[in-house]
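Asker: Sharing a structure, written as structure tokens. Questions coming.
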Amino acid sequence: MQDTNIVRNLAIIGHGNCGKTSLAEAMLFTSGKINRLGKVDDGSSAMDYDDEETSRKISINSSFHNYNWKKYWIFLTDTPGDDNFLNETVFAANVSDNALFVVDAVMGVKGQTIKFSNIVKQHNLPTVIAINKMDRERADFLGTVAQIKESLPFNGVILHLPIGAEDNFRGYVDIASGKAYLFDGDKGGLKQIDVPDDMADEVATLRESLMESVAETDDDLIEKFLEEGELTPDEIQSGLKNGLAKSAIAPICVCSAAQNKGISPILDVINMYMPSPADRPSIQAKKVNGEPVEVQPQADQPFAALVFKTMADPYTGRLTIFRIYSGTLQGDTFYNSTKKTSERFGQLYVLEGKEQKPIDSVGPGMIIAVAKLKETVTGDTLCDPANPIVFTPPEPLKPVISYAVSAKKGDEEKVFSSITKMLDEDLTLQLTRQQQTKQVLISGVGRVHLDVVGARIKKKFGVEMELSTPKIPYMETIRGSARVQGKHKKQSGGRGQYGDCWIEISPLPGGGYEFVDKIIGGVIPQQYRPAVDKGIQEAMEKGVLAGYPVIDIKVALVDGSFHNVDSSEMAFKIAGSLAFKKGAQEAGLILLEPYVNMEIRVGKDHVGDIMGDLNSRRGKVMGMDSMDGLEIINAQVPQAEILSYATDLTSMTGGLGSFSVSFSHYEEVPAQIAEKVIAEANLGD
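Going by our numbering, the sequence shown opens with residue 499, and the numbers climb by one from there.
The structure is reproduced here in structure tokens:
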């Protein structure tokens, strides 16, 4: 294993279409890792290689690669910028030491930019900001910097000032050293020049600002800066490195990934200023007895790693991907402390896009894959059996949109088994059976997310799933009380059927169902009374008003009669069912609908629109709060009104809004809506 100090681990993060994958591609090309500069648009990128990624021209999975640059070994994770695949970015941020945060010089800071920057901030990642697409029409470097300083949670400071923009983007000035460079050739070369005369004043002002920002991160530097008003280039570099390691400063660089301009300077910045795994704070974990423990990110410590992703590879089978936090891996066995079991493994790999390269020696900061583990899944901890610890895995994002799923044609069982296999790979995917509606639901982060799942199971397993709007799991209950008779009498030669019961039915709010035996004497023999209860429960499941289950009722069996020959359990079961249906109608049936708790996170500018929209959906706002620059609206809304909310919220907030949903309670459906639901249900029958 090489020296941990020369390892860098970083995630490339930013909003959709800002050029993250193109930047990763240019970094690999400039470093000599790949010999051709691929493009996302024509499907030749080394990082976006999945069929769905190349057809949609977006990143769907986090993809991994590595390169060497001037004796340093850098591990890259390219993350998606689409909300449908946000979980990939969250998990990547959780296991990365640094972030290369990309902002589009034309689009600037958008709602999604803020959302992704908050993920970086929540994980306290040292961040270098790359303003990309400086070659494009309307590229505005200083305008974008102003937006970054105003809207993002980074202390951004200009490190590279562009020379020219749009078609004239031809170089940059390194503010720390005061040197200027022109881009030379298409392989990332540079040619040093004097700082252009018309930029000298601006460079001097920015250098003053850089020195001040750097000095504020260190007591010794601030003292010298206040006394002398100047820092040496070495002190600026040392201050940048220390400030970045503490996430107290975020250097801003410039580039055009598509034209491979400004890439080698960014590679230098990563080497010089980003902290190595050994420079990062210790990692919190727990011993198997629950006692907290700190894991030191050093090669000479006991081995410890976290499994953060599982992928199905068409050639090697299931790939388990893990981040090594400490130690070096010896032997051919993992100890999985989460499962309390050992697993033998074969070849270890470093991931290089869609390829896997065998590797023998691994250590802190590295992202490694191994094939065909049987027990280990995402979230498990792998460690030294002599020093068992458990990392707390990141929580996957909860699904916010659900559809009824069925087989488009062919085998239903094969469709559901195929989806089940995808659950290991995609933790934001859920498959559930809705008891009331008898539908199987597939839930995810967005419609695009579920469409991608459908496309993948079609390719991998040769089956197609069909999505449809799910039925709402309505319920029925009663308003009042009733005393009724249920009598089943049938004579058809030979032994007949006879069951006779009287029940009292009444509401039981929040109580589900209660059956009380109040029979005095033997008007109904003991062996037949449970049959009455069973008949009532079966009738409740099928409903009376619109076929939905009946809840929250109390039934007392109070009287009845029997026949010595013709009575049976079946007869009393039918009698109980008849009594219930009659009693429910007399007591006054009403329809109930599910309400959900919603936590909606949006910017201040969108609060009014969201409130108005919630009112139009019959929602009730329960309260508001603020966190991380966002407004949090808590509301209760009928489930029927939010089936397409994920798409609607994106439209209303330009991608900045997000929300979570959990079941709350049932409430009576307004009469006008109830009539329509009941009519549709009975029409369906």
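Note that the Cβ used here is the ideal one computed from N, Cα and C, for glycine as well.
Small disclaimer: the values here were computed from a predicted structure and weren't measured.
Cβ atoms of residue 517 and residue 619: under 8 Å apart, would you say?
Answerer: Between residue 619 and residue 517, the C-beta gap is not smaller than 8 Å, which leaves the two residues out of contact.
Asker: Name the DSSP beta bridge partners of residue 833, please?
Answerer: 840 and 881
Asker: Below 8 Å CB to CB, which residues in the same chain sit around residue 704 once its five sequence neighbours on both sides are set aside?
Answerer: 656, 659 and 673
Asker: Tell me the rounded alpha-carbon separation between residue 947 and residue 1125.
Answerer: Spanning the two alpha carbons is a distance of roughly 27 Å.
Asker: Which word fits residue 1120, buried or exposed, when buried means at least 16 other C-beta atoms lie within 10 angstroms of its C-beta?
Answerer: exposed
Asker: Looking only at C-alpha atoms, which of 582, 522 and 614 sits nearest to residue 924?
Answerer: For the residues 582, 522 and 614, the minimum Cα distance to residue 924 belongs to 582.
Asker: Compare the beta carbon distance of residue 594 and residue 575 with 8 Å and say whether it is the shorter of the two.
Answerer: Yes, Cβ-Cβ distance for residue 594 and residue 575 is below 8 Å.
Asker: Rounded to a whole number of angstroms, what is the C-alpha to C-alpha distance between residue 779 and residue 561?
Answerer: 25 Å
Asker: Which residue from 844, 929, 667 and 830 puts its Cα closest to that of residue 758?
Answerer: 667
Asker: Beta-carbon separation of residue 505 and residue 567 under 8 Å?
Answerer: no
Asker: Compute the Euclidean distance between the alpha carbons of residue 934 and residue 1052, then round it to the nearest angstrom.
Answerer: 20 Å
Asker: Please report the distance separating the alpha-carbon of residue 559 from that of residue 939.
Answerer: 23 Å
Asker: According to the neighbour-count rule (16 or more other Cβ atoms, all chains shown, within 10 Å of its Cβ), is residue 967 buried or exposed?
Answerer: exposed
Asker: Could you tell me the alpha carbon to alpha carbon distance between residue 729 and residue 676, rounded to whole angstroms?
Answerer: 12 Å
Asker: For the alpha helix (DSSP H) that residue 918 lies in, which residues bound it at each end?
Answerer: 910-923
Asker: Assuming residue 765 and residue 542 are in contact, meaning their beta carbons sit under 8 Å apart, how far apart are those beta carbons, in whole angstroms?
Answerer: Actually they do not touch by this definition, with Cβ atoms about 22 Å apart.
Asker: Please classify residue 1018: is it buried, with 16 or more other beta-carbons within 10 angstroms of its beta-carbon, or exposed?
Answerer: exposed
Asker: Between the Cα of residue 647 and those of 1159, 629 and 597, spot the shortest distance and give me the residue it belongs to.
Answerer: 629
Asker: Can you tell me which of the three DSSP states residue 609 falls into?
Answerer: helix
Asker: Just to confirm, are residue 734 and residue 600 a CB contact at a threshold of 8 Å?
Answerer: Against a cut-off of 8 Å, the Cβ pair of residue 600 and residue 734 comes out as no contact.
Asker: From what residue to what residue does the alpha helix (DSSP H) around residue 953 run?
Answerer: 945-959
Asker: From 944, 706 and 724, pick the residue whose C-alpha is nearest to that of residue 731; which is it?
Answerer: Taking each of 944, 706 and 724 in turn and checking the Cα distance to residue 731, the smallest one comes out for 706.
Asker: Would residue 564 pass as a contact of residue 853 if the rule is Cβ separation under 8 Å?
Answerer: Not a contact, by the Cβ cut-off of 8 Å.
Asker: Rounded to the nearest angstrom, what separates residue 524 and residue 756 at their Cα positions?
Answerer: 7 Å
Asker: Take residue 859 as the anchor and find which of 870, 869 and 847 has the nearest alpha-carbon.
Answerer: 847
Asker: Please report the straight-line C-alpha distance between residue 1062 and residue 1041, rounded to a whole angstrom.
Answerer: 32 Å
Asker: With H, G and I counted as helix, E and B as strand and the rest as coil, what does DSSP make of residue 1135?
Answerer: strand
Asker: With burial defined as no fewer than 16 other Cβ atoms inside 10 Å of the residue's Cβ, what is the status of residue 665: buried or exposed?
Answerer: With fewer than 16 Cβ atoms within 10 Å of its Cβ, residue 665 is classed as exposed.
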